[in-house]
Structure formats: structure tokens, C-alpha cells
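Asker:
Numbering (the numbering used here), first residue to last: 6 to 146.
1) What is the DSSP secondary structure of residue 128, reduced to helix, strand or coil?
2) Quick check: residue 126 and residue 89, are their CB atoms within less than 8 Å of each other?
3) Quick one: grab the DSSP three-state call for residue 14.
4) On the three-pair Cβ rule with 8 Å, is the segment 93-102 touching the segment 59-66?
5) For residue 85, is the classification buried or exposed, using 16 other Cβ atoms within 10 angstroms of its Cβ as the cut-off for buried?
6) Determine contact between the segment 65-75 and the segment 27-43, defined as no fewer than three beta-carbon pairs at a distance below 8 Å.
7) Okay, do the segment 100-107 and the segment 45-55 touch, 3+ Cβ pairs below 8 Å being the bar?
8) Let me make sure I understand the geometry here. Which of 77, 121, 112 and 21 has the alpha-carbon closest to that of residue 35?
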């Protein structure tokens, strides 16, 4: 039986074998209990990239200005994201944490490490958002 908390090497090898044109929009995987996603794209310069992502949560409407500012500050030189990038999508101000990797440099082991890092970092950001909503003083490492 497949363990839902681990990416199987075969699944990631198959994903890596797909070119940017052949890859479906987003492949979803469960990693450490969190939904993660992998997609591929080709830049205008012809470079093939893999984008790994995980949902963080939704910006609380009553704290939107503070959260939006913090996301920009955290993204500046990746100061608060450990090399990942925070972004917003959708009408509900959903927060996504992502990392891009050159497809030519990727391996199943590397993708597992990237996804593990994203899941851990997203959990820290969720804790911060929870503290913001309940009025306690959050601390980010």
C-alpha cells in the first residue's frame, strides 16, 4: 500500500521525464500530511523550470495591509522565506509558498528535499498567521 506521506521515487521520475509541454498543469502530491504541487514551464528563453508549491493559508481580511507588507518584506532577498517565494492567488487572497528549480538540475531526491522545506516553512507561516488572528505575538525564525 502506498504511504500518503512520501513521494515515491517512480512518481517523481515520471514527472521529471515529462517535458514542459507534456506536463499537466499541476501535479498534486501529499507530503508530511500537506498537499504540495509540482508544475513545469518553459521560459521565453527556452529554459525548462519546475515550480514546487504549497498553500500557506488565506490573508485575514482585517489584517490584509499588515500581511501584504510582511510578505513583501519576507520576499526581499528571501529574508524571511529561506530561499522560497511567497505569493498571492485567487479572489480570496490565498497565500502560496513556492520555489523554482531548473529541470535539468532536478532529481527525485532534490524534489523531495525542496517539498519538505516548503512544507516546513509553510507551517511556520501558518503559525504566524494564527498568532496574528488571535492577537498574540508571533515570532518567525
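Beta carbons: idealized from backbone N, C-alpha and C, even for Gly. All values derive from a computational prediction rather than experimental measurement.
Answerer: Inspection of the coordinates gives the following:
1) helix
2) yes
3) helix
4) yes
5) So residue 85 ends up on the buried side.
6) no
7) yes
8) The shortest Cα separation from residue 35 among 77, 121, 112 and 21 belongs to 121.
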